[in-house]
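>
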Amino acid sequence: MMYLFDGSFEGLLTAVFEWFERKPGMVLLKVEKTFQPDAFTPVFKVCNDRIKADRVWNGLQKKLDKNWIRKFWCAYLSENVDIFNSMFQFTCYIFKHENGVERNYGNEHVLSISKMATKVEREKHRMEAFIRFQHTADGIFYCGIDPDFNVLPLILNHFKNRYADQQWIIYDLKRHYGLYYDLHKVEEMTMDLTHKNLNQSLPHQLNAKEELYANLWKDYFKSTNIVARKNTKLHVKHVPKRYWKYLTEKFD
Amino acid sequence: MLVNKIEMSERLREKLSILADAAKYDVSCSSSGSDRKNTNKGVGNGHQSGICHTYTEDGRCVSLLKILLTNHCIFDCAYCVSRKSNDIERAAFTVDEVVELTMNFYRRNYIEGLFLSSGIFKNADFTMERLLRVVKKLRLEQNYNGYIHLKTIPGANDDLIKEAGLYADRMSINLEMPTESGLKLLAPEKSHQDVIKPLDFVQQQIVQFKDERKLIKSVPKFVPAGQSTQMVIGATPETDKEIMHTAAAFYKNFSLRRVYYSGYIPISNDTRMPILGTQPPLLRENRLYQTDWLMRFYGFNVHELLNDANPHLDIDIDPKLSWALRNLQHFPIDINTAPYRLILRVPGIGVTSAQKIVQARKFGKLHIYQLKNIGVSYNRAKHFIRCEDTPFQLKDYQATQIKAFILAESQSKYLKTDNNQLILF
Chain A
1 MMYLFDGSFE
11 GLLTAVFEWF
21 ERKPGMVLLK
31 VEKTFQPDAF
41 TPVFKVCNDR
51 IKADRVWNGL
61 QKKLDKNWIR
71 KFWCAYLSEN
81 VDIFNSMFQF
91 TCYIFKHENG
101 VERNYGNEHV
111 LSISKMATKV
121 EREKHRMEAF
131 IRFQHTADGI
141 FYCGIDPDFN
151 VLPLILNHFK
161 NRYADQQWII
171 YDLKRHYGLY
181 YDLHKVEEMT
191 MDLTHKNLNQ
201 SLPHQLNAKE
211 ELYANLWKDY
221 FKSTNIVARK
231 NTKLHVKHVP
241 KRYWKYLTEK
251 FD
Chain B
1 MLVNKIEMSE
11 RLREKLSILA
21 DAAKYDVSCS
31 SSGSDRKNTN
41 KGVGNGHQSG
51 ICHTYTEDGR
61 CVSLLKILLT
71 NHCIFDCAYC
81 VSRKSNDIER
91 AAFTVDEVVE
101 LTMNFYRRNY
111 IEGLFLSSGI
121 FKNADFTMER
131 LLRVVKKLRL
141 EQNYNGYIHL
151 KTIPGANDDL
161 IKEAGLYADR
171 MSINLEMPTE
181 SGLKLLAPEK
191 SHQDVIKPLD
201 FVQQQIVQFK
211 DERKLIKSVP
221 KFVPAGQSTQ
231 MVIGATPETD
241 KEIMHTAAAF
251 YKNFSLRRVY
261 YSGYIPISND
271 TRMPILGTQP
281 PLLRENRLYQ
291 TDWLMRFYGF
301 NVHELLNDAN
311 PHLDIDIDPK
321 LSWALRNLQH
331 FPIDINTAPY
341 RLILRVPGIG
351 VTSAQKIVQA
361 RKFGKLHIYQ
371 LKNIGVSYNR
381 AKHFIRCEDT
391 PFQLKDYQAT
401 QIKAFILAES
411 QSKYLKTDNN
421 QLILF
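Note that the protein sequences, when read in sequence, are chains A and B.
With this note's numbering, the residue at position 168 of the first sequence is 168, and numbering never jumps.
With this note's numbering, the residue at position 293 of the second sequence is 293, and numbering never jumps.
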């Protein structure tokens, strides 16, 4: 049997509720948009229900510790269709058993969620590292990103705590939304962007000192390298080429 | 006016190039271990695990803006580029220039903080006082709460060092040479005692401040990310045993967070050291770090890894495998019953996998496919473990045979680059 849902977190949790209400046996969870029907498998469409979803979410929070709740949330942010199914199976597995089964790394769904969460956390950490703000003419520190996963919700607190005395915008160009910090609070925002390039602003949009500090940073990056130890393989392993477009020190 | 401005920024770029170049042989880059909060809406905070913001083309991480305040120096240490007798360009930052650079790099998320070191000009106190002025200005005037790694200048007044410790997250002094005799050979003016005294002083202060904080919460933090040191490897003929025993003693006596090992890169024609153009001992450096990790995270004692019978680390295999092959009497161990500390000693199983194994086996006996999924490097580990579906094996292999099996399957990442080391064998 197949369950179809709309890809939302609420829908995923509602699906779990529906399963326990019907107990139809083995079920696969699929996303409606990408679903290809076949001739024989019966299909059930999950309708989002706030109350049902909340009950499942509260139950899950009682069963799992904070670390696991975070892993679960991270796995969702991966936006991966297969991991949605794993999350569904995992939640059913947790509710069917005694407390503590989330530590059973022999179970394929436990392991795949754990692995996916690690990937998402890695991407989150990379964004914390590779974001390069540009100081714009109107005083805002801006950076556009296109991360592999939807990590904006995860990096929000880090940047809010760290850059408390400067206005900043981090904009996800792939998912068309961003975060704006106005010295008091962080808000979600959307922009009409005419140019798609990351961090390729026109000179007149930038603060007068921006070019100087970008150049100083490039100089520093060159001077701190030890030529006798050149190790391109390791360099690329740590800074995969798909991130170079973020990095001021990699611009010519 | 405009021309003047351009000239000034050109001069700043020049200074940065000189003073970053001179600081790069200090390998410490860690920005971890400090949980300094961003108080009263300033800028910056500590990140418990640290963040590497980029990596240089030699594969080393760039986390901190690592610079010297000046490369003028009154000492003439043979292993150092900034030594008095070396004919190089000299420069010095003003206090304000360092503060400006740090703040502007930090605000753009280029760096995690500042690593400030210096050549010794005039005397130790004068130098330390200048370093202190930079960190005070950052903390008190700029409201900066990011990471600061500061060099303790040996011989500086205790009061200056103590005050610096209130603003820095980490302090360090480099041991430079692993043995006293090595240091005497290359830097006759220095001794290990010069390093030990301030290391010990800072350590005592850390303990004292921590104790006081337990009683009175408002006591400020003192060097919250602890101390570290660095040794140059391969400039003088020490054995690996001497190096690691020195490191172990410093970890123990001064509760150091890190000891760094820096493969010597020839910088002069001094006949006491390897000649110019010699490849830096990268593989040896790697083996030393592996040993360091085994001591800190895998529960190994330095005597198990390096002793009079084995004064050098194996070049072709890592120290963990090398220990296991010397101690086959402990193996094979049963993954489903063995205690954590023994699982940790199996080549091919790391800390994360070992933790997952002890969690997962509570729910049922583990099989080979599960070990592989968990992340165990099974082709290496299989010679040392038994699990639920390990095939029955009649024959016990010798250490040399197991080594040959493992080497045949693995390709050393150093084979292509480091020819002149392997030709010896």
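Even for Gly, the Cβ is constructed at its ideal location relative to N, Cα and C.
Beta strand (DSSP E) containing Cys92/A: first to last residue?
On the first sequence, residue 92/A is found 92 positions in, with the first residue counted as 1. Unbroken run through Cys92/A is the alpha helix (DSSP H), 81-96; no beta strand (DSSP E).
> What does Gly106/A touch in chain B if you count any residue whose Cβ is under 7 angstroms from its own?
Stepping through the first sequence from its first residue, residue 106/A is reached at position 106. Within 7 angstroms Cβ-Cβ: Ala360, Phe363, Gly364, Leu366, Gln370.
> Determine the DSSP secondary structure at Leu186/B, reduced to helix, strand or coil.
Position 186 of the second sequence, counted from the first residue, corresponds to residue 186/B. It is helical.
> What residue range does the alpha helix (DSSP H) around Met171/B cover?
On the second sequence, residue 171/B is found 171 positions in, with the first residue counted as 1. Counting along the chain, Met171/B falls outside any alpha helix (DSSP H), though it belongs to the beta strand (DSSP E) covering 170-172.
> So, at 6 angstroms on beta carbons, what are the nonlocal neighbours of Ile426/B in its own chain, with the 5 sequence-adjacent residues on each side left out?
In the structure displayed, chain B extends from 1 to 425; residue 426/B sits before or after that span and is not available.
> Identify the contact partners of His53/B in chain A, using a Cβ-Cβ distance below 8 angstroms as the criterion.
As a first step, residue 53/B is located in the second sequence; it is residue number 53 there, counting from the start. Within 8 angstroms Cβ-Cβ: Ala129, Phe130.
> Quick one: what does DSSP say Leu152/A is sitting in, helix, strand or coil?
Translated into the one-based positions of the first sequence, residue 152/A becomes position 152. Here Leu152/A sits in helix by DSSP.
> Enumerated in chain order, which unbroken segments of the beta strand (DSSP E) with a length of 3 residues or greater are wholly contained in the stretch 168-238 of chain A?
Listed in chain order, they are 168-172, 177-181, 186-189.
> Within its chain, find whatever has a CB closer than 6 angstroms to the CB of Glu242/B; leave out the 5 residues flanking it on each side and keep chain order.
Counting from one through the second sequence, the residue named residue 242/B turns up at place 242. Answer for Glu242/B: Pro178, Thr179, listed in chain order.
> If you count every other CB in all the chains shown that lies within 10 Å of the CB of Phe250/B, and 16 or more means buried, which is it?
By one-based count along the second sequence, residue 250/B stands at place 250. Phe250/B is buried by the Cβ-count criterion.
> Sort out for me which residues DSSP pairs Ile67/B with in a bridge.
Indexing the second sequence from 1 puts residue 67/B at position 67. Note: Ile67/B sits in a beta bridge opposite Leu116/B.
> His53/B and Tyr110/B - do their beta-carbons sit closer together than 8 angstroms?
Numbered from 1 along the second sequence, position 110 holds the residue referred to as residue 110/B. Numbered from 1 along the second sequence, position 53 holds the residue referred to as residue 53/B. Taking 8 angstroms as the Cβ cut-off, Tyr110/B and His53/B qualify as a contacting pair.
> Give me the DSSP bridge partner(s) of His135/A.
Walking along the first sequence from the start, residue 135/A turns up at place 135. DSSP, once it has assigned bridges, lists Phe141/A as partnering His135/A.
> I want to verify the contact list: residues of chain B whose CB lies under 7 angstroms from the CB of Ile226/A, in sequence order.
Looking up residue 226/A in the first sequence gives position 226. By Cβ distance, chain B contributes Lys24, Asp58, Ile265.
> Is the CB-CB distance between Lys403/B and Leu325/B below 8 angstroms?
Counting from one through the second sequence, the residue named residue 403/B turns up at place 403. Counting from one through the second sequence, the residue named residue 325/B turns up at place 325. For Lys403/B and Leu325/B, yes; Cβs fall inside 8 angstroms.
> Using a Cβ-Cβ cut-off of 7 angstroms (strictly less than) and excluding sequence neighbours within five positions of Lys372/B, which residues of its own chain qualify?
By 1-based counting over the second sequence, the position of residue 372/B is 372. Taken in chain order, the residues that qualify are Tyr378.
> Any idea what DSSP makes of Thr390/B, helix, strand or coil?
On the second sequence, residue 390/B is found 390 positions in, with the first residue counted as 1. Coil, per DSSP.
> Would you tell me roughly how many angstroms separate the C-alpha atoms of Lys96/A and Pro391/B, rounded to the nearest one?
Here residue 96/A corresponds to residue number 96 of the first sequence, with the count starting at 1. Here residue 391/B corresponds to residue number 391 of the second sequence, with the count starting at 1. The straight-line gap from Cα to Cα measures roughly 34 angstroms.
> Whose Cβ in chain A lies nearer than 9 angstroms to the Cβ of Pro280/B?
What you label residue 280/B is simply residue 280 of the second sequence in a count that begins at 1. Here the neighbours are Ile226, Ala228, Arg229.
> When DSSP labels each residue in this structure, what does Glu176/B get in the three-state scheme?
The residue given as residue 176/B occupies position 176 in the second sequence. In this structure, Glu176/B counts as strand in the three-state DSSP scheme.
> Would you say Gly59/B and His235/A are within 8 angstroms of each other, going by their C-beta atoms?
Here residue 59/B refers to the residue found at position 59 when the second sequence is read from its first residue. Here residue 235/A refers to the residue found at position 235 when the first sequence is read from its first residue. Yes, Cβ-Cβ distance for Gly59/B and His235/A is below 8 angstroms.
> Quick one, are the C-beta atoms of Ile153/B and Ile120/B less than 8 angstroms apart?
Counting from one through the second sequence, the residue named residue 153/B turns up at place 153. Counting from one through the second sequence, the residue named residue 120/B turns up at place 120. Contact: yes.
> Would DSSP call Ala408/B helix, strand or coil?
As a first step, residue 408/B is located in the second sequence; it is residue number 408 there, counting from the start. Three-state DSSP puts Ala408/B in a helix.
> Looking only at C-alpha atoms, which of Ile131/A, Ala129/A, His204/A, Ala15/A sits nearest to Glu32/A?
Reading the first sequence from its first residue, position 32 is the one you call residue 32/A. Among Ile131/A, Ala129/A, His204/A, Ala15/A, the Cα nearest to that of Glu32/A belongs to Ala15/A.
> Give the straight-line distance between the Cα atoms of Arg13/B and Leu216/A, rounded to the nearest whole angstrom.
Taking the first residue of the second sequence as position 1, residue 13/B is located at position 13. Taking the first residue of the first sequence as position 1, residue 216/A is located at position 216. Taking the straight line joining both Cα atoms gives about 6 angstroms.
> Return the first residue and the last residue of the alpha helix (DSSP H) that Met231/B is part of.
For this step, residue 231/B is matched to residue 231 along the second sequence. Taken as a continuous stretch (DSSP letters only), Met231/B belongs to no alpha helix (DSSP H), being part of the beta strand (DSSP E) at 227-233.
> Please report whether the beta-carbon of Leu173/A lies at a distance below 8 angstroms from any beta-carbon of chain B.
Here residue 173/A refers to the residue found at position 173 when the first sequence is read from its first residue. Not closer than 8 angstroms to any Cβ of chain B, the Cβ of Leu173/A fails to qualify, so no.
> Tell me whether the beta-carbon of Val202/B lies closer than 8 angstroms to the beta-carbon of Val223/B.
Here residue 202/B refers to the residue found at position 202 when the second sequence is read from its first residue. Here residue 223/B refers to the residue found at position 223 when the second sequence is read from its first residue. Contact flag set, yes.
> Can you list, in chain order, the residues of its chain with a C-beta nearer than 7 angstroms to that of Tyr147/B? Leave out the 5 residues immediately preceding and following it.
As a position in the second sequence, residue 147/B is number 147, starting the count at 1. Around Tyr147/B: Ser31, Ser34, Gly46, Leu64, Glu112, Gly113, Asp169.
> When burial is assigned at 16 or more other CB atoms within 10 Å of the CB, is His135/A buried or exposed?
On the first sequence, residue 135/A is found 135 positions in, with the first residue counted as 1. With 16 or more Cβ atoms within 10 Å of its Cβ, His135/A is classed as buried.
> Do Asn143/B and Gly50/B count as a contact pair if the criterion is CB distance below 8 angstroms?
Translated into the one-based positions of the second sequence, residue 50/B becomes position 50. Translated into the one-based positions of the second sequence, residue 143/B becomes position 143. Cβ distance not < 8 angstroms, so Gly50/B and Asn143/B don't count as in contact.
> Considering Cα atoms alone, identify which of Ile51/A, Ile94/A, Tyr246/A, Phe9/A is closest to Lys63/A.
Along the first sequence, read from residue 1 onward, the residue named residue 63/A stands at position 63. Lys63/A has its Cα closest to that of Ile94/A, out of Ile51/A, Ile94/A, Tyr246/A, Phe9/A.
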